[in-house]
Amino acid sequence: MIQIAIVGGGAGGLELATALGRKLGRKGKARITLIDRNHTHIWKPLLHEVASGSLDAELDAVNYRVHAHRNGFAFELGTLCGVDRARKCIELDALVDDTGEEILPRREKHYDYLVLAIGSVSNDFNVSGVSEHCIFLDSPDQAQVFHQRLVDRFIRLDQALEAGQADRKLRIAIVGGGATGVELSAELFKAREWFSTYGLKTITPEHLEVSLVEAGPRLLPALNERISSGAHRELLKLGVKVRTATAVVSASREGLTTREGELIRADLMVWAAGVKAPGFLSAIDGLACNRMGQLLVEPTLQVQGDTDIYALGDCAGFAMEGPDDQQRWVPPRAQSAHQMADCVARNLRRRLAGKPEQAFVYKDMGSLVSLSEYSAFGRLMGGLARGGISLEGKVARLAYVSLYRMHQGAIHGWPRALMMAFTDKINHFIRPRFKLH
Ligand SMILES: Cc1cc2nc3c(=O)[nH]c(=O)nc-3n(C[C@H](O)[C@H](O)[C@H](O)COP(=O)(O)OP(=O)(O)OC[C@H]3O[C@@H](n4cnc5c(N)ncnc54)[C@H](O)[C@@H]3O)c2cc1C
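With numbering that gives the first Met the number 0 as the guide, the letters of the sequence shown map in order to residues 0 to 436.
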């Protein structure tokens, strides 16, 4: 039977495995295997909520094995570390437990068709001290590490304030004024409110200092000016110290140093200043990458130089023409991964049926930014919103939440996704509103 291996069960890979499992796997037309280094899936755009505590990753994650069983594909736990194109094999690293004992040895797996959907990692642009002192939000584990440190620091701060050290505060610096930095800044103020509600009553707004540092002239550089200035205004209202046109040249235990030599003191630092594809992709023999390390793909999403390997999502470099006739890359966003997963699913099915494959066309459906429960901004494109509609407040928040619901619809089917939405409403009253440990 034809073996289709999909590596990476994220925003794109899990949707693809689910679609192919249902259409091909269940009917015995191909064996679909999803490989991921984690046991569970959390939709990456929610990681800032895991970091703040408004989402409990342990309760909200999708277990790959259960999901695979329900949707006609197989799941294998493993970390991709190489591809042998000549022998059509992927190499998976040895799996060890936390005591260092081997669970599974380094191993190989054959494929007829391979789909690489391994996402991206934060780009520290080789700024000194960043990898040692800043936390990245690339994975649920990293988001949980941030959350744990946030909890510990709030508890320590509460005790110091109770002991009469009134001048103490928690200082958090976030580098990168894109969606991750903007959304996380607002989430931290919500976290402060919940910690205060749930017992740490000495901590008032002035005990939390959040600095959001952006090298460019404005926040959310990839979005339009209106969304950017709206988000900027709201963050200032919350009390975030927004610093645009501020380049960070190093990070240390004390904080961040700017190009002008100023030290932005911080107890916790997050680096969210851009992404690049995982480094080992550029080492795959004979495949070409762009400057972000993304694999260059043909219009059909097959990688350049190998028609049996596809790439999608953040790790795929798809060149398209921008409105000014300049070449642009499809942006590393959840909607790109979703649309590419649709295209690869269609093309693999056409290929097995002996039909020609179709070219991918990226449709920008707009952008939404949510400032926790305080506010939201966005612009929707396509469909009824032909020229684009700007949204703000509750409507924008609803549209933002519906993006996650659409991802749930794609992987669970609409009846189950609607039940999940309903259960979430009930849980709103039953569960604690915030994860405090
Ligand atoms: C905090 C945050 C907020 C964001 N907010 C938004 C937003 O509001 N809107 C938006 O459009 N986009 C947003 N994004 C970007 C969006 O999450 C990504 O563009 C999208 O998830 C990319 O999907 P993907 O399938 O390519 O990769 P991912 O969703 O990152 O999935 C990659 C998968 O590959 C697995 N993997 C990685 N390496 C290996 C390996 N070597 N072996 C095996 N498995 C591996 C990972 O475990 C993961 O499951 C946000 C990102 C972050 C971090």
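Where is the CB? At the ideal position from N, CA and C, for every residue including glycine.
It should be emphasised that the depicted structure is a prediction, and the values quoted were computed from it without experimental measurement.
- Secondary structure of N62 (DSSP, three-state): strand.
- Restricting attention to D363, L417, L294, E297, the CA atom closest to the CA of P322 is found in D363.
- Between S121 and D140 a beta carbon distance of about 14 Å is seen, past the 8 Å cut, so the two are scored as non-contacting.
- When C-beta atoms of the segment 7-23 are compared with those of the segment 338-353, three or more pairs fall below 8 Å, so the two segments count as touching.
- Judged by their CB atoms, G7 and G118 are nearer to each other than the 7 Å cut-off.
- The beta strand (DSSP E) runs lying completely inside the segment 146-178 and spanning 3 residues or more are 169-174, given in chain order.
- When rounded, the separation of the alpha-carbon atoms in W42 and M0 is 31 Å.
- Under the DSSP definition of a beta bridge, R264 partners with G254.
- Here the segment 177-196 does not lie against the segment 83-103, with fewer than 3 beta-carbon pairs under 8 Å apart.
- Secondary-structure assignment with DSSP links I3 through a beta bridge to I31, Y112.
- The Cβ atoms of I134 and V269 lie closer than 7 Å to each other.
- Scanning its chain for C-beta atoms nearer than 6 Å, with the 5 sequence neighbours on each side dropped, one finds around R21 the residues N70, G71, in chain order.
- If you draw a straight line from the Cα of L207 to the Cα of D266, it is about 11 Å long.
- For P331, the distance from the CB to the nearest heavy atom of ligand 1 is below 6 Å.
- Excluding five sequence positions before and after K434, the CB atoms of its chain that fall closer than 8 Å to its own CB belong to G52, S53, L54, D55, H146, given in chain order.
- The beta-carbon distance between V212 and V126, rounded to whole angstroms, is 12 Å. This is too long to meet the 8 Å contact definition.
- Straight-line spacing of the CA atoms in V209 and S366 works out to 24 Å.
- Looking at the DSSP output, Y309 shares a beta bridge with V114, Q301.
- Apart from sequence neighbours up to five positions away, the residues of its chain that approach T201 with a beta-carbon distance below 6 Å are D157, L160, E161, ordered along the chain.
- Between the beta-carbon of S227 and that of L235 there is about 13 Å, and that puts the pair past the 8 Å contact cut.
- Of the heavy atoms belonging to ligand 1, at least one sits nearer than 6 Å to the Cβ of D35.
- Taken from the Cβ of P298, every heavy atom of ligand 1 lies 6 Å or farther away.
- Only buried fits V368, as 16 or more other CB atoms lie within 10 angstroms of its CB.
- At a cut-off of 6 Å, the beta-carbon of Q407 does not count as near ligand 1: no heavy atom of the ligand is closer than that.
- Under the DSSP definition of a beta bridge, D83 partners with C88.
- If you look at G408, you'll find it in the alpha helix (DSSP H) that goes 392-411.
- C-alpha of D307 to C-alpha of V150: approximately 47 Å in a straight line.
- Taking P104 as the centre and dropping the five residues before and after it, the same chain places the C-beta of A93 closer than 7 Å to its C-beta, in chain order.
- Taking all protein chains shown into account, S130 has fewer than 16 neighbouring C-beta atoms within 10 Å of its C-beta and is therefore exposed.
- In this structure L370 does not touch A142 by the C-beta definition: roughly 18 Å separates them, more than the 8 Å allowed.
- R232 carries a helical assignment under DSSP once its states are collapsed to helix, strand and coil.
- One thing to note: T39 has its Cβ no nearer than 7 Å to the Cβ of A4.
- Note that the C-beta distance between Q301 and A315 is not below 7 Å.
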